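The numbering used here puts the first residue of the sequence shown at 2, with every later residue one more than the last.
Backbone N, C-alpha and C define an ideal beta-carbon position, used for all residues, glycine too.
What you are looking at is a predicted structure, and each value in this text was computed from that prediction instead of being measured.
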Amino acid sequence: LRGWGADGKGVVLVRPKVMIDPEWEGVVKRVKGQRSIFGRRKGKDEDIVAVDEVEMSTDDKILLLVARSLNDKGTLSGSVYRGLIAEYKNRRRKEQRRLNRLYTSQPDDIDSDTDDEGLTVMSGLSMKRLICATQKIKNTITSPSVNCPNTTPTPSPPPIVNEPTPEEISEIINPTARRMDTHAIIHHITHTLLEERPSIAKSPPLTEMTTAAVEQFIFGSSYIYESVFDEIVNACRPKDEQLEEKIRSYRKEGKDDSSLVCENAIASLRSLPEHRTPLQKLNTCVQFLERLSLFFQSSLTSTQSNMSADSLLRLSCAHIVHAGVPHINAEVAFLEEFSRDEDLIKGKEGYALVTM
Numbered sequence: 002l003r004g005w006g007a008d009g010k011g012v013v014l015v016r017p018k019v020m021i022d023p024e025w026e027g028v029v030k031r032v033k034g035q036r037s038i039f040g041r042r043k044g045k046d047e048d049i050v051a052v053d054e055v056e057m058s059t060d061d062k063i064l065l066l067v068a069r070s071l072n073d074k075g076t077l078s079g080s081v082y083r084g085l086i087a088e089y090k091n092r093r094r095k096e097q098r099r100l101n102r103l104y105t106s107q108p109d110d111i112d113s114d115t116d117d118e119g120l121t122v123m124s125g126l127s128m129k130r131l132i133c134a135t136q137k138i139k140n141t142i143t144s145p146s147v148n149c150p151n152t153t154p155t156p157s158p159p160p161i162v163n164e165p166t167p168e169e170i171s172e173i174i175n176p177t178a179r180r181m182d183t184h185a186i187i188h189h190i191t192h193t194l195l196e197e198r199p200s201i202a203k204s205p206p207l208t209e210m211t212t213a214a215v216e217q218f219i220f221g222s223s224y225i226y227e228s229v230f231d232e233i234v235n236a237c238r239p240k241d242e243q244l245e246e247k248i249r250s251y252r253k254e255g256k257d258d259s260s261l262v263c264e265n266a267i268a269s270l271r272s273l274p275e276h277r278t279p280l281q282k283l284n285t286c287v288q289f290l291e292r293l294s295l296f297f298q299s300s301l302t303s304t305q306s307n308m309s310a311d312s313l314l315r316l317s318c319a320h321i322v323h324a325g326v327p328h329i330n331a332e333v334a335f336l337e338e339f340s341r342d343e344d345l346i347k348g349k350e351g352y353a354l355v356t357m
């Protein structure tokens, strides 16, 4: 992800092993070409920047600035955001049509007009309303998806005629397409925001915060998150089914001893599916391990040594078995795919992901 400083030098963040489809660059150029002039942002950034750090952290200020820009149709970043989301939905509709032809041997008319959830931020807010707006954004991002009223029901698909093999499906549908498209969206939206706000691009810490805020905003949309996570669930289905079978056998043998379970750690683990963003899921894993470690550390006698990494790993496995979190391999795969290096190198976060 590249931004520009006042001296023309780049500020670069690199996510390894992520290939950006060059077709997305064409989408961005097409969106920019549709309008020769983009309006100024509604309101001024000073009403956010001037808020005291005690009342609003820098992270929250960046999140609010990102949300304001992307919700404003008149800005460059807002237009690019809408154009990229529209392209993402169009690609998913094309996938659905190809799958329907494969399963039913006939074209279909299934389409989706469901809009992604927007995070509306009005301009000219007072300091108190700014803080409330920030909390509203964070609550929207952290809340599990809900069914919105007044949406058009999806028509029932035609009856299945063929039962294609996984190989036949993979020939017409790239099994990682949604993940790669989401990486592209995050890349280009962040790139556009830094182009639009060169003062942020001059600061590597602010650039990092902007990237994190864009990811929060993108995954805050239930449409994007559920679409991506569904793809990961399908990819991890064999592993998850195998794990579930082992857990059932383990329980039948009576090896699942609930007396050795930390309920607070179990609660953290079971809350993992409720979160959408990589950082929130990662923090939940950290909380799970911290609660687990504290619980069993307090049970050690004065003659016993501190808990080792091997002991913590065994306890983690036992609690994963007891918690029964659905699609646990998919949850970990989501973290591996979208967790940022800047978060993983902090120490606890990286250790938590490795342990999970």
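Cβ-based burial, residue i [other Cβ within 10 Å; buried from 16]
i	result
R315	exposed
E275	exposed
D53	exposed
P358	Past the boundaries of the shown model lies residue 358; the chain is included only from 2 to 357, so the question cannot be answered.
V55	exposed
N91	exposed
T152	In this prediction, T152 has a pLDDT of 45, which is less than 50 and means its spatial position is unreliable; nothing more can be read from the coordinates.
T59	exposed
M20	exposed
Q217	buried
Q288	buried
G221	buried
R252	exposed
D112	With a pLDDT of 44 at D112, under the threshold of 50, the predicted position of this residue should be treated as unreliable, though the coordinate-derived value follows. D112 comes out exposed.
D110	Model confidence at D110 stands at a pLDDT of 48, short of 50, so the residue's coordinates are unreliable; what they give is reported in the following sentence. Under this definition D110 is an exposed residue.
L120	Bear in mind that a pLDDT of 39 at L120, under 50, signals an unreliable position, so the number given afterwards is only what the model happens to contain. Label assigned to L120: buried.
C237	buried
R249	exposed
S317	buried
D73	buried
S228	buried
Nearest to residue i (by Cα), restricted to the options the options
i	options	result
L372	R180, I173, L85 and L313	With the chain covering 2 to 357 only, the question about residue 372 has no answer from this structure.
G348	L290, S223, H320 and V326	L290
L273	E246, S204, F230 and E343	F230
I334	G34, R180, L71 and M57	A small correction: the amino acid at residue 334 is Ala; Ile does not occupy that position in the sequence shown. Nearest option by C-alpha distance: R180.
N235	R93, N330, D342 and Q35	N330
V215	I267, L65 and Q35	L65
Beta-carbon spacing of residue i, residue j below 9 Å
i	j	result
K62	V50	yes
S340	I190	no
S294	L313	yes
I186	W25	yes
H323	V262	yes
V32	R83	yes
E343	A213	yes
H320	L270	yes
V29	L71	no
Continuous alpha helix (DSSP H) stretch holding residue i: start and end
i	result
V29	E24 to G34
V287	P279 to Q298
T76	That residue, T76, is in no alpha helix (DSSP H); it is neither H nor E in DSSP.
C263	Where C263 is concerned, there is no enclosing alpha helix (DSSP H), given that its DSSP letter is neither H nor E.
L316	A310 to A324
G351	K349 to T356
K247	S223 to K253
T191	A178 to E197
V333	I329 to F339
L345	D342 to L345
M416	Nothing about residue 416 can be reported from this structure: the residues present for the chain run from 2 to 357 only.
E47	E47 to V50
Same chain only: Cβ atoms within 7 Å of residue i, ignoring 5 sequence neighbours per side
i	result
P150	With a pLDDT of 45 at P150, under the threshold of 50, the predicted position of this residue should be treated as unreliable, though the coordinate-derived value follows. Cβ neighbours of P150 beyond the five flanking positions: none.
T211	I63, V67, T191, L194, L195 and I201
N148	With a pLDDT of 45 at N148, under the threshold of 50, the modelled position of that residue is not reliable, and no figure is offered here.
E242	none
I346	none
Nonlocal neighbours in the same chain, by C-beta distance under 8 Å from residue i, ignoring five residues either side
i	result
L336	P279, K282, L283, C286, L354 and M357
N265	R292 and F296
E96	I174 and A178
V326	L270, R271, L273, P274 and E332
E197	S70, T76, L77 and S78
Proximal residues to residue i (C-beta, below 6 Å), its chain only, five neighbours per side dropped
i	result
Y89	D182
E232	R179
R16	Because R16 sits at a pLDDT of 43, beneath the cut-off of 50, its placement in the model cannot be relied upon, and the following sentence gives the value as read from the coordinates. Excluding positions up to five away in sequence, the list is empty.
H366	One cannot answer for residue 366 here, as it falls past the ends of the chain, which runs 2 to 357.
G351	L345
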